[in-house]
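Participant:
2 protein chains.
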Amino acid sequence: MSEVIAQLSVSLDGYLAGPESGREHPLGIGGERLHDWVFGLRSWRAGHDLEGGTTGPVDDLMAEWIERPGAVVMGHGMFITGETPWGDSPPFHTPVYVVTHHPRESVPKAGGTTYHFVTEGPEHALSLAREAAGDRDVSLAGGADLVQQFIRAGLLDELWLHIAPVFLGGGRRLFDHLGAVGAGGEKPVAWRKTQVLDSPEATHIRLRPV
Amino acid sequence: MSEVIAQLSVSLDGYLAGPESGREHPLGIGGERLHDWVFGLRSWRAGHDLEGGTTGPVDDLMAEWIERPGAVVMGHGMFITGETPWGDSPPFHTPVYVVTHHPRESVPKAGGTTYHFVTEGPEHALSLAREAAGDRDVSLAGGADLVQQFIRAGLLDELWLHIAPVFLGGGRRLFDHLGAVGAGGEKPVAWRKTQVLDSPEATHIRLRPV
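Chains as they are written, first to last, in the numbering used here: chain Y, 26 to 235; chain F, 26 to 235.
1. Report the three-state DSSP secondary structure of Val235 (chain F) (helix, strand or coil).
2. With three or more C-beta pairs closer than 8 Å as the rule, is the stretch 214-228 of chain Y touching the stretch 185-195 of chain Y?
3. Quick one: does Leu165 (chain Y) have its CB under 8 Å from some CB of chain F?
4. Among all the DSSP beta bridges, which residues are the ones paired with Pro133 (chain F)?
5. From Y:Ala31, Y:His50 and Y:Thr80, pick the residue whose C-alpha is nearest to that of Val63 (chain Y); which is it?
6. When the Cα atoms are used, what is the spatial distance from Ser46 (chain Y) to Phe104 (chain Y)?
7. Against chain F, with Cβ distances strictly below 8 Å, would Val191 (chain Y) count as a contact?
8. What residue from Y:Gln173, Y:Gly195, Y:Leu203 and Y:Glu156 has the CA that sits closest to Met26 (chain Y)'s CA?
9. Would Leu59 (chain F) pass as a contact of Asp84 (chain F) if the rule is Cβ separation under 8 Å?
10. Which residues in chain Y sit within 9 Å of Val124 (chain F), going by Cβ to Cβ distance?
11. At a CB-CB cut-off below 8 Å, which residues of chain F make contact with Asp223 (chain Y)?
12. For the candidate residues F:Gln174, F:Glu28, F:Leu37 and F:Gln32, whose alpha-carbon lies nearest to that of Lys218 (chain Y)?
13. Which residues in chain Y have a C-beta closer than 7 Å to the C-beta of Gly100 (chain F)? List them in chain order.
14. Could you name the residues of chain Y that Leu203 (chain F) contacts, counting a contact when the two beta carbons are closer than 9 Å?
15. Taking the alpha-carbon positions, what's the Thr109 (chain F) to Glu148 (chain Y) distance?
16. Quick check on DSSP: helix, strand or coil for Leu37 (chain Y)?
17. Taking C-alpha atoms, which residue in Y:Ala88, Y:Glu57 and Y:Pro82 lies nearest to Arg70 (chain Y)?
18. Looking at C-alpha atoms only, which residue of Y:Asp223, Y:Ala166 and Y:Glu49 is the closest neighbour of Leu199 (chain Y)?
19. Between which two residues does the alpha helix (DSSP H) containing Ile176 (chain F) stretch?
20. Whole beta strand (DSSP E) runs in the stretch 73-141 of chain Y with 3 or more residues, listed along the chain?
21. Starting from Glu12 (chain F), follow the alpha helix (DSSP H) in both directions and report where the run begins and ends.
22. Can you give the Cα-Cα distance for Ala215 (chain F) and Gly179 (chain F), rounded to whole angstroms?
23. By the DSSP assignment, the alpha helix (DSSP H) with Ile61 (chain F) in it spans what residues?
24. Determine whether the Cβ of Gly210 (chain F) lies closer than 8 Å to any Cβ atom of chain Y.
25. Report the option in F:Val221, F:Ala169, F:Asp223 and F:Arg231 whose CA atom is closest to the CA atom of Tyr40 (chain F).
Written out as structure tokens, the structure reads:
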């Protein structure tokens, strides 16, 4: 069966967006620095119609990330903040299932991305995404709330963390409501690292639940 | 001048102790796992009068940690939770300056550790520690509050983070009150990685403020 994978860039103090994140500042104040590691990679640049870029293990990681998903699941908050910057040709190139309370017609975009709006909850969004993805994997794009829900429910097969050597001091925390150890029982407590890479702008840790 | 260095073991979700940490459970529920990386190292074992252990880059890191400090600064909360487990021959082997509101006579222990209690604040504790350390460095033992104060005040020269592949889901956060980016001006926002090592039980990141 296809796997559910998430990759997130996070600060040393655990924020995936800086203070005052929202429609005006999608990544919050200072949050752009979390993503510095990605902009120079050849695979990322190719996906954004840009030439050149560096190759190597971190670029291979990004190429794998771009290659694997056949569909995307995304939270409503992330969609709201991302819709404008992603523009008419979003970088997903697959169906994107947005978990929301607001029903809305699907929105097709250039390059293979279509936004679908799912009001029946995250697990239903995931089943639609799995169906759309076929043999390919499903990427969980974020935001933090949805990642936490997936981790709590044991639905995440791989987590890639890109830890940037930056303190943001505030903003949106990636891991805020996982629930205490042993409180639920359904949450995998320990994860196994399958790969660790380092680049000047981030330390890249791949994990699978034990 | 001697440097101020801190090393902290932290979970993927940013906790340095699990839920319900205190005198009964110094590391909180599940918190022992954060330190799994250290117990098998030869240098750590030697410091605790234990034989054997593994060598290699992570052991070299620990050996450097043991070698460098000539004095320790510690918060009151950490002292309270650690005093009993550290016992009559604590692992510091230097003067330890405890920042506290409660004046108390100094307490000499076996093996070179003496606990001194400083009621004039963290910076005064640091100046006493620097004086005691001479040419050697000062280690900031924790806890979280004191580390945050030192980072905010720009007093930390090196930060070593040992990130264990574990979610604790609650407990004491390492970085909770650093203040928002640009809010204070005195806090270094970006850190430069000087070394990254990986072991099965942790990813080890050494940082210096830029």
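Just so you know, even glycine gets a beta-carbon here, dropped at the ideal spot from N, CA and C.
Just so we're clear, the structure is a prediction, and the values are computed from it rather than from any experiment.
Facilitator: Reading from the atomic positions:
1. coil
2. yes
3. no
4. F:Thr139
5. Y:Thr80
6. 13 Å
7. yes
8. Y:Glu156
9. no
10. Chain Y residues near Val124 (chain F): none, gap ~22 Å exceeds 9 Å.
11. Lys218 and Val221
12. F:Leu37
13. Residues of chain Y passing the Cβ test: none, with the nearest at roughly 18 Å.
14. Asp38, Phe192, Leu193, Gly194 and Gly195
15. 48 Å
16. coil
17. Y:Ala88
18. Y:Ala166
19. Ala169 to Arg177
20. 94-100 and 120-124
21. The question about residue 12 (chain F) has no answer, for chain F in this structure spans 26 to 235.
22. 12 Å
23. Residue identity check: residue 61 (chain F) is Asp in the sequence provided, not Ile. Its alpha helix (DSSP H) spans residues Asp61 to Phe64.
24. Its pLDDT being 49, under 50, Gly210 (chain F) is placed unreliably by the model, and the measurement read from it follows with that caveat. So, not an interface residue.
25. F:Ala169
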